[in-house]
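Beneath this line is the structure, given in structure tokens, with notes to follow.
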Amino acid sequence: MEQREEESVKGQKVVLVPAELNDRRRVYEWCFQSETTKSHTGPPDYPEKSIASYEEFCAEYYEEYFFTGAKPEDGRGYLIVYEDTAVGFISYSSFHVKAGIAELDIWMDSEANCGMGFGTDAILILSEFLNRANGISELIIAPAMQNKRAVRSYEKAGFTHSAKAMVDFLETNYVALYGSGDYGLEETALMAKSFH
Ligand SMILES: CC(C)(COP(=O)(O)OP(=O)(O)OC[C@H]1O[C@@H](n2cnc3c(N)ncnc32)[C@H](O)[C@@H]1OP(=O)(O)O)[C@@H](O)C(=O)NCCC(=O)NCCS
-15 MEQREEESVK GQKVVLVPAE LNDRRRVYEW CFQSETTKSH TGPPDYPEKS IASYEEFCAE
45 YYEEYFFTGA KPEDGRGYLI VYEDTAVGFI SYSSFHVKAG IAELDIWMDS EANCGMGFGT
105 DAILILSEFL NRANGISELI IAPAMQNKRA VRSYEKAGFT HSAKAMVDFL ETNYVALYGS
165 GDYGLEETAL MAKSFH
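Written out as structure tokens, the structure reads:
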């Protein structure tokens, strides 16, 4: 972890450390094969949202550049590190949204590391970093409406329920793919934070 310190971003509780290719498998497992998976994907609460395989995760969700930093204008992933231990992952994506906007995604590795304030701190740090270093003026995040813990955390990080629709943020080419949100129009909570 030490050699990555230079590019890391420090918060009140956690540090964001740029993720590397050899983190990709465990980041996948935290997302789709851990005790926190049921909060956002799969049965019993999300029977229609299927659990991705590692191959699908790499091809459809998290291309290589999230773990190499090769396309900072399109997106980047970070390990959320607390006292030298990685406790989760956060990323921003801009490849599919209009100029000046980024979408955040986040998940912790275990229930023990949820409810500790780590997620909220990570979102605050990344939001401020993106505004300062990448000129991002508006952030969006889109959990399931029923994921109350996520909604509460994002509210604490300064996000509010947006009056806009996902299509208002998306580049035209991505409207068909992402216009309804991960959970459908009715069940996705579109939240936004503006630096204007
Ligand atoms: C969502 C997530 C990133 C938030 O990070 P976190 O570190 O757990 O968030 P925090 O501890 O800062 O805040 C959680 C808040 O939710 C509250 N909360 C927990 N369960 C809740 C519930 N069922 N209903 C309402 N609020 C709840 C906590 O009390 C806390 O609020 P408080 O500080 O006002 O008491 C993390 O919980 C997580 O990874 N969850 C599993 C994966 C996931 O759902 N990812 C998001 C996909 S969009």
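Numbered per my numbering, the sequence shown spans residues -15 to 180. Here a beta-carbon is modelled for each residue, glycine too, at the ideal position from N, C-alpha and C.
Query                                                                                                  : Result
Beta-carbon proximity of I125 to M175, cut-off 7 Å                                                     : yes
Inter-stretch contact at 8 Å, needing at least 3 Cβ pairs: the stretch 57 to 66 / the stretch 20 to 39 : no
Cutoff 8 Å; reference E213; Cβ partners in own chain excluding five residues on either side            : The displayed coordinates of the chain run from -15 to 180. Any statement about residue 213 would go beyond what the structure contains.
DSSP three-state assignment for G165, whether helix, strand or coil                                    : coil
Three-state class that DSSP yields for I35 in the structure shown                                      : coil
Proximal residues to I109 (C-beta, below 8 Å), its chain only, five neighbours per side dropped        : V(-7), K(-6), G(-5), V(-2) and L0
Nearest-angstrom Cβ-Cβ length linking I120 and G103, presumed shorter than 8 Å                         : I120 to G103, Cβ: 19 Å. No contact.
Range of the contiguous beta strand (DSSP E) that encloses Q137                                        : The amino acid at residue 137 is misidentified as Gln; the sequence shows Ser. Per DSSP, S137 belongs to no beta strand (DSSP E); it is in the alpha helix (DSSP H), K132 to K140.
Endpoints, beta strand (DSSP E) assigned at D89                                                        : I85 to M92
Contact under 7 Å by Cβ, E23 with N131                                                                 : Strictly speaking, residue 23 in this sequence is Ser, with Glu absent from that position. Yes, these two residues count as a Cβ contact at 7 Å.
Member of F79, F73 and C42 whose CA lies at the smallest distance from the CA of P56                   : F79
Whole-number beta carbon distance between I107 and Y138, since they are thought to touch under 8 Å     : 7 Å
Cβ neighbour criterion (16 or more within 10 Å) applied to E122                                        : buried
G142 beta carbon near ligand 1 (any heavy atom closer than 6 Å)                                        : no
Where V(-2) sits in the DSSP three-state scheme                                                        : coil
Limits of the beta strand (DSSP E) - the one that G61 falls within                                     : G59 to Y66
Extent of the continuous alpha helix (DSSP H) run through E112                                         : F102 to N118
Own chain residues within Cβ distance below 7 Å of F143, not counting five before or after             : I125, M175, A176 and K177
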